[in-house]
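K.L.:
Quick one: this structure, given as structure tokens, is what I'll be asking you about.
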Amino acid sequence: MTSTIDAQVLPTPTGPLSLLVHEGVLVAAGFTADPGEMHARLAVTLKALPLRTVDDLGKPAQAVRDYLDGDLFALDTVEVEQPGTPTRQRLLTALRAVPAGTTVRYAELAERAGLPRTAARAAGSACAQNLIAPFVPCHRVLPSVGGFGGYYYGSPVKQWLLHHEKAL
């Protein structure tokens, strides 16, 4: 039996959210109606696998529904995996540990990852290349100069997520 990337698109108040799972692990999630967009961003080995749309991915889909219903920590229970250097993995782990309802600055994220304050640029890069939003909550990172900063899926989505989590 050939391994596949299974996908489901869920409606959210801020637009469709595509979830991609490989062998029970969430490997991509993003605010798009086209799971193919997320599939194209996967690591080469996963991108080579066929994409299959399914009716229910189970736990990841239920976690999204629970999150939208107000359980702000539901996404934390889903196993995720994405590629990256050891430094990138440290940053993504620190990012995943930022609790719902709070925000951090890029330099603070770098410090939480055990990296020097000067690694704020690396923290920004990790957020920009994050494949598993909002499960790996890059929306909770704000620039030190104020405002919302950038977000791969647009500032309105980032603002909605932060308002939903009452982080603003």
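The sequence shown: position 133 = 125 (our numbering), numbered continuously.
Don't be surprised by glycine CBs; every beta carbon is placed ideally from N, CA and C.
Since this is a predicted model, take the numbers as computed values, not measurements.
Helix, strand or coil: how does DSSP classify valine 90 here?
P.N.:
coil
K.L.:
Count the C-beta pairs between the region 117 to 128 and the region 19 to 34 that are closer than 8 Å, then say yes if the count reaches three, no if not.
P.N.:
yes
K.L.:
Can you give me the Cβ contacts of alanine 92 inside the same chain, cut-off strictly under 7 Å, excluding the 5 residues immediately before and after it?
P.N.:
Leu64, Phe65 and Glu157
K.L.:
How many angstroms separate the CA atom of arginine 44 from the CA atom of valine 137?
P.N.:
42 Å
K.L.:
Identify every run of the alpha helix (DSSP H) within the region 28 to 93, keeping only runs that are complete inside it and at least 4 residues long; order them along the chain.
P.N.:
The region 28 to 93 contains these whole alpha helix (DSSP H) runs: 36 to 39, 51 to 60 and 78 to 88.
K.L.:
Give the range of the beta strand (DSSP E) segment to which leucine 2 is assigned.
P.N.:
-3 to 2
K.L.:
One question on the structure: do histidine 155 and tyrosine 143 come within less than 8 Å of each other, judged by their Cβ atoms?
P.N.:
no
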